[in-house]
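Enquirer:
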Amino acid sequence: MKRILSLLSCLLLTLAFVGCRAVTPSGSDTTPTDNGDAVTAPETLCLAYNREDTLDPFSAATQLNVCLSPLLYEPLLRPGADFSPTLVLAQSAEQTDSTRIAVTLRADAVFSDGSAVTGDDVVYSFNKAKASENYRVALSNVQAASAKRGVITFTLSSADPNGSYNLYFPIIKRSTDTGAAATAAVGSGAYIFQADRQTLTANPKNAAGATAQNKEIKLLSLVSKDAVLQNLENGSIHYMFNDLSDGNIPRTSAKDTAVDLPQLVYLGVNSGRAALAAPAVRQALSAAVDRTALAASSYAGRALPATTPFHPKWRPAAGLSAFSAGSEAGKVNELLQTAQSVPTTAETAATDTATTTVTTATTTAETAATDATGVAGAASVKEVPLTLLYASGNRCREALVKVLVQQLNQAGFQVTAQPAAYDDYKAQLAAGNFDLYIGEMRLTPSMNLFVFFRAGGAGAYGVNTAGEAAQSYAAYRAGEKTAAEFVADFSRDMPYVPLCYRQGMAAGHAALTYITPSAYSVYDGITH
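So the sequence shown is numbered by the numbering used here: it starts at 41 and just counts up by one.
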């Protein structure tokens with residue numbers, strides 16, 4: 041299957057963005073406020089970084105420095121607001137077969153020093169990225185890269201129709217690689233790092249840099265989110281981004297914007313428990329959840345209800361819906377009644393699964409376990425006490441757990457929250473010592489769900505990795521099923537319960553409306 045992607049620009053990760061001082065610019069640099077007054081834009085912008093850390097995108101340890109990568113370096117392809125890629129240093133990207141992607145470099149691609157970007161630079165950067173904590177997960181399914189005559193061939197470990205979505209790693213000039221503090225390799229981005237002056241200057245070899253109105257950006261060394269917020273509030277910082285991963289939603293007087301993230305919050309279900317073995321029981325748990333209410337109350341509206349396993353804005357899943365954003369509590373009893381008669385293996389074999397609305401098949405061992413405990417059926421399942429394990433210490437997560445337990449109990453389940461320190465939480469998951477748990481997973485731009493469907497995957501706790509959803513997802517990845525078919529199969533099996541996708545928060549000076557942040561392009565528009 042071939043897919044040729046069209047040329048555009050955007051980019052990567054999270055960022056804290058600040059301004060140094062405000063002076064009165066020309067009239068064209070003013071932005072009307074809601075009350076009609078003109079707002080003076082800062083003349084010189086100032087970005088946060090950590091001078092004790094390197095600016096090498098592969099070994100940078102601080103979020104602040106990782107966030108500068110999009111300004112200094114360009115990727116082959118860059119995820120947009122819908123997570124699908126646009127071409128940057130690549131002229132084209134073609135999926136030549138299920139496990140190979142051929143990327144042709146732009147003939148005019150050059151680094152800031154004027155030298156050509158070569159296939160050797162790309163392969164070197166790929167190998168650095170694959171070994172890096174910053175890009176390792178995104179490239180986990182990319183086995184190798186090789187270059188010949190300006191074409192880079194990426195070999196995937198397993199088939200993925202959306203494999204090119206993950207090729208957003210930055211490209212550096214190989215001969216200038218450095219991991220020293222306050223240094224940066226040569227890149228092809230819109231800006232060049234000037235170590236002696238602690239500034240970024242526009243790169244005239246880059247199209248956006250050549251026309252940038254912000255010709256220079258000052259760098260300010262900051263070390264924490266609190267410092268960024270404090271400087272925003274006292275007027276010396278003009279823009280900031282917070283991924284809200286710590287569960288604290290900062291209060292600011294600045295205008296803020298929600299930023300969609302591929303950060304899935306989900307309810308894990310231990311299908312090895314007899315009471316939770318039947319898919320209809322897991323469907324009932326999902327039906328009891330009001331995802332819209334969870335997002336609104338737990339994350340102060342900074343989350344999107346998950347109505348499929350994929351992000352609601354992910355292009356390949358556009359228009360798909362598997363479960364309701366609101367509560368379907370009226371279906372709970374009906375689903376649990378469906379689960380009360382668990383068929384034997386022979387009965388399952390005789391069932392026409394193509395016309396079965398709810399899959400209730402289990403193994404003989406699961407059936408025996410259900411019979412032994414007597415938990416099949418609406419009344420008996422509701423009588424089984426269930427614990428909801430979660431990692432404590434995150435305010436938003438704790439708020440979500442409180443609301444979720446209320447929703448499940450109102451639907452007739454008996455659920456008790458069980459907080460645990462993170463290390464203990466992970467140990468209990470690994471030991472299978474849980475009924476339900478709250479998990480959070482940052483998915484790749486390709487929405488790789490093998491983290492749930494492969495044994496040993498970071499989200500595979502309690503999931504039957506040989507079940508209907510897992511098999512269907514493998515078929516989707518192999519091109520044998522459509523996204524819609526997989527989503528339908530997932531909703532029948534319900535191996536885990538997607539709840540919502542978290543958002544981050546960007547906030548800044550009222551005049552900086554030209555910055556349009558997204559998950560992989562928080563600085564988008566900064567050259568304005």
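C-beta: ideal position from N, C-alpha, C; glycine also.
Would Val163 and Ala185 qualify as a contact pair, given that the criterion is a beta-carbon distance under 7 Å?
Expert: Against a cut-off of 7 Å, the Cβ pair of Ala185 and Val163 comes out as a contact.
Enquirer: Give me the Cα-Cα distance between Asp122 and Gly519, rounded to the nearest whole angstrom.
Expert: Answer to the nearest angstrom: the Cα atoms are 21 Å apart.
Enquirer: Suppose the cutoff is 7 Å on Cβ atoms and the five residues either side in sequence are ignored; what does the same chain contact list for Arg14 look like?
Expert: This structure gives no information on residue 14, because the portion of the chain shown stretches from 41 to 568.
Enquirer: Taking buried to mean at least 16 other C-beta atoms within 10 Å of its own C-beta, is Lys245 buried or exposed?
Expert: So Lys245 ends up on the buried side.
Enquirer: Near Thr456, what residues of its chain come up, given a Cβ to Cβ distance below 6 Å and the 5 sequence neighbours on each side ignored?
Expert: Hits under 6 Å: Thr427.
Enquirer: Where does Arg532 sit, in a helix, a strand or coil, going by DSSP?
Expert: If DSSP states are grouped into helix, strand and coil, Arg532 belongs with the helices.
Enquirer: Can you say whether Thr94 is buried or exposed, counting buried as having 16 or more other CB atoms within 10 angstroms of its CB?
Expert: So Thr94 ends up on the buried side.
Enquirer: Counting along the chain, where does the beta strand (DSSP E) carrying Lys265 start and finish?
Expert: Looking at the DSSP string, Lys265 is not in any beta strand (DSSP E); the run it does join, the alpha helix (DSSP H), is Lys265 to Glu273.
Enquirer: Look at Phe474 and Leu429 and say whether their C-beta atoms are less than 7 Å apart.
Expert: Yes.
Enquirer: Which residues mark the beginning and the end of the beta strand (DSSP E) in which Ser132 is found?
Expert: Taken as a continuous stretch (DSSP letters only), the beta strand (DSSP E) holding Ser132 covers Ala130 to Asp137.
Enquirer: Once DSSP output is grouped into helix, strand and coil, what is the label at Val177?
Expert: DSSP places Val177 in coil when its eight states are reduced to three.
Enquirer: Report yes or no: do three or more beta-carbon pairs, one from the region 436–449 and one from the region 268–280, lie closer than 8 Å?
Expert: Contact fails: fewer than three Cβ-Cβ distances are below 8 Å.
Enquirer: Using 10 angstroms around the beta-carbon of Leu240, count the other beta-carbons present and answer buried if the total reaches 16, otherwise exposed.
Expert: Buried.
Enquirer: Exposed or buried, which one is Asp266 when buried takes at least 16 other CB atoms within 10 Å?
Expert: Exposed, because fewer than 16 other Cβ atoms sit within 10 Å of the Cβ of Asp266.
Enquirer: Looking only at its chain, what residues have a beta carbon closer than 8 Å to the beta carbon of Ala412, apart from the 5 residues adjacent to it on each side?
Expert: Interpretation of Ala412 is limited by its pLDDT of 35, a score under 50 that renders its predicted location unreliable; the figure taken from the coordinates is listed afterwards. Cβ within range, chain order: Ala314.
Enquirer: Which of the three DSSP states is assigned to Arg140 in this structure?
Expert: In the structure shown, Arg140 sits in a strand (DSSP, three-state: E or B).
Enquirer: Tell me which same chain residues have a C-beta within less than 6 Å of the C-beta of Pro356, skipping the five on either side of it?
Expert: Closer than 6 Å at the Cβ level, and outside the excluded window around Pro356, lie Ala523.
Enquirer: Of the choices Cys436, Val527 and Gly452, whose alpha-carbon is the least far from that of Val424?
Expert: When each option's Cα is compared against that of Val424, the closest is Gly452.
Enquirer: According to DSSP, Phe194 sits in a beta bridge with which residue or residues?
Expert: Per DSSP, Ile141 and Ala185.
Enquirer: Give the straight-line distance between the Cα atoms of Ala335 and Asp296, rounded to the nearest whole angstrom.
Expert: In a straight line, the C-alpha of Ala335 is about 18 Å away from that of Asp296.
Enquirer: With a cut-off of 8 Å, do at least 3 Cβ pairs link the region 98–105 to the region 167–174?
Expert: Result yes; three or more Cβ-Cβ pairs closer than 8 Å.
Enquirer: Tell me, please, which residues DSSP counts as bridged to Arg118.
Expert: Arg118 pairs with Thr126.
Enquirer: According to the Cβ coordinates, are Met534 and Gln377 closer than 7 Å?
Expert: Their beta carbons are not under 7 Å apart, which means Met534 does not touch Gln377 by this criterion.
Enquirer: What is the DSSP secondary structure of Thr64, counted as helix, strand or coil?
Expert: Residue placement at Thr64 is flagged as unreliable, the pLDDT there being 28, under the threshold of 50; a coordinate-derived value is accordingly withheld.
Enquirer: Spatial neighbours of Pro125 within its chain, please: CB distance less than 8 Å, with the 5 preceding and 5 following residues excluded, ordered by chain position.
Expert: Leu45, Leu117, Arg118, Pro119, Ala133, Ser204, Tyr205, Leu207, Tyr208 and Pro485, listed in sequence order.
Enquirer: With a threshold of 16 other CB atoms inside 10 Å of the CB of Glu114, please say whether the residue is buried or exposed.
Expert: When all chains shown are included, Glu114 counts as buried.
Enquirer: Give me, in chain order, the residues of the same chain whose beta-carbon lies closer than 6 Å to that of Asn105; leave out the 5 immediate sequence neighbours on both sides.
Expert: Once the five neighbours on either side are set aside, the close Cβ partners of Asn105 are Tyr89, Asn90, Asp93 and Leu95.
Enquirer: According to the neighbour-count rule (16 or more other Cβ atoms, all chains shown, within 10 Å of its Cβ), is Ala431 buried or exposed?
Expert: The residue is buried, with at least 16 neighbouring Cβ atoms inside 10 Å.
Enquirer: Check for me: the alpha helix (DSSP H) holding Val424 runs from which residue to which?
Expert: Taken as a continuous stretch (DSSP letters only), Val424 belongs to no alpha helix (DSSP H), as it is neither H nor E.
Enquirer: Rounded to whole angstroms, what's the CA-CA distance from Val562 to Ala248? Just pull it up for me.
Expert: Near 16 Å, if we compare the C-alpha coordinates of Ala248 and Val562.
Enquirer: How far does the beta strand (DSSP E) with Ser261 in it extend, from its first residue to its last?
Expert: Taken as a continuous stretch (DSSP letters only), the beta strand (DSSP E) holding Ser261 covers Glu256 to Ser261.
Enquirer: Sorted by chain position, which residues of the same chain lie with C-beta nearer than 7 Å to Ala390's C-beta, five sequence neighbours on each side aside?
Expert: For Ala390, the pLDDT reaches just 36, beneath the cut-off of 50, and the residue's location in the model is therefore unreliable, although a value from the coordinates is still provided. Contacts found: none.
Enquirer: Helix, strand or coil: how does DSSP classify Asn282 here?
Expert: In the structure shown, Asn282 sits in a strand (DSSP, three-state: E or B).
Enquirer: Output the boundary residues of the alpha helix (DSSP H) element that contains Ala500.
Expert: Element bounds for Ala500: n/a, residue is neither H nor E.
Enquirer: How about Ala327 and Lys371: do their beta carbons lie closer than 7 Å?
Expert: Yes. Within cutoff.
Enquirer: Give me the Cα-Cα distance between Ser285 and Gly499, rounded to the nearest whole angstrom.
Expert: So the two alpha carbons sit approximately 18 Å from each other.
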